[in-house]
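The working numbering numbers the first residue of the sequence shown as 1 and each following residue consecutively.
Each remark here refers to the structure printed beneath this line.
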Amino acid sequence: MEAGARKFLAGLVLLTGLIALAVWILYRSALREYYSGIFPYMLAFFFIINILFFYAFYRIHKKNNKLFIQRFMMLFGIKFMAYLVAAVAVILLNKKEAVPIAITAMILYLLYTGYEVYWMSTLVKRKEEN
């Protein structure tokens, strides 16, 4: 595994750990009544999806710059739809906790997508400099 991919993975593990810690603290105190047992599975889902899609993005990025943007947008759309389908399915199966689950899914999406976009833009800048 190359250095860029290792750094991404280490950062993703750190991000996931920090999210888990923050959620544990929040749900043990102020937001106890909103805790859903589905949260650890949601966190694992976002973590695994991000690893898989970063691997695909990374492989495309290394090959061809001209195709990168087109394929990046296609994969980004597929990933967004996977998140959306998963969130809707979980909400439909657990209607009592729909609002907390939807809010949690949105926050996780923003955090993980922000991290991924940061890394992808860093990789593109590094490739352009070389």
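Even for Gly, the Cβ is constructed at its ideal location relative to N, Cα and C.
(message) If you reduce the DSSP assignment to three classes, tell me which class Ser121 lands in.
(response) If you number the sequence shown from 1, residue 121 lands on position 121. Three-state DSSP puts Ser121 in a helix.
(request) Use the C-beta contact count for Phe80: other C-beta atoms within 10 angstroms, 16 or more gives buried, fewer gives exposed. (result) Within the sequence shown, residue 80 is the residue found at index 80, counting from 1. By the neighbour-count rule (16 or more Cβ atoms within 10 Å), Phe80 is not buried but exposed.
(request) Could you check what DSSP says for Tyr27 in three-state terms: helix, strand or coil? (result) By one-based count along the sequence shown, residue 27 stands at place 27. Helix.
(message) Considering Cα atoms alone, identify which of His61, Tyr58, Ala44 is closest to Tyr83.
(response) Within the sequence shown, numbered from 1, the residue matching residue 83 stands at position 83. Ranking the options by Cα distance to Tyr83, first place goes to Ala44.
(request) Indicate whether Ile51 and Leu15 have their beta-carbon atoms separated by less than 8 Å. (result) Working through the sequence shown from its first residue, we reach residue 51 at position 51. Working through the sequence shown from its first residue, we reach residue 15 at position 15. No, the pair does not count as a contact, with Cβ atoms beyond the cut-off.
(message) For the pair the region 88–104 and the region 28–39, tell me if three or more CB-CB distances fall below 8 Å.
(response) yes
(message) I'd like the span of the alpha helix (DSSP H) that includes Arg59, first residue to last.
(response) As a working mapping, residue 59 is identified with position 59 in the sequence shown. Segment 39–63, the alpha helix (DSSP H) holding Arg59.
(request) Quick one: grab the DSSP three-state call for Glu2. (result) The residue given as residue 2 occupies position 2 in the sequence shown. Here Glu2 sits in coil by DSSP.
(request) Using three-state DSSP, classify Tyr109 as helix, strand or coil. (result) Within the sequence shown, numbered from 1, the residue matching residue 109 stands at position 109. Helix at Tyr109.
(request) Thinking Leu75 and Ala56 are a contact (beta carbons under 8 Å), I'd like their distance in whole angstroms, please. (result) Here residue 75 is taken as the residue at index 75 of the sequence shown, counted from 1. Here residue 56 is taken as the residue at index 56 of the sequence shown, counted from 1. The Cβ separation is near 6 Å, so the contact holds.
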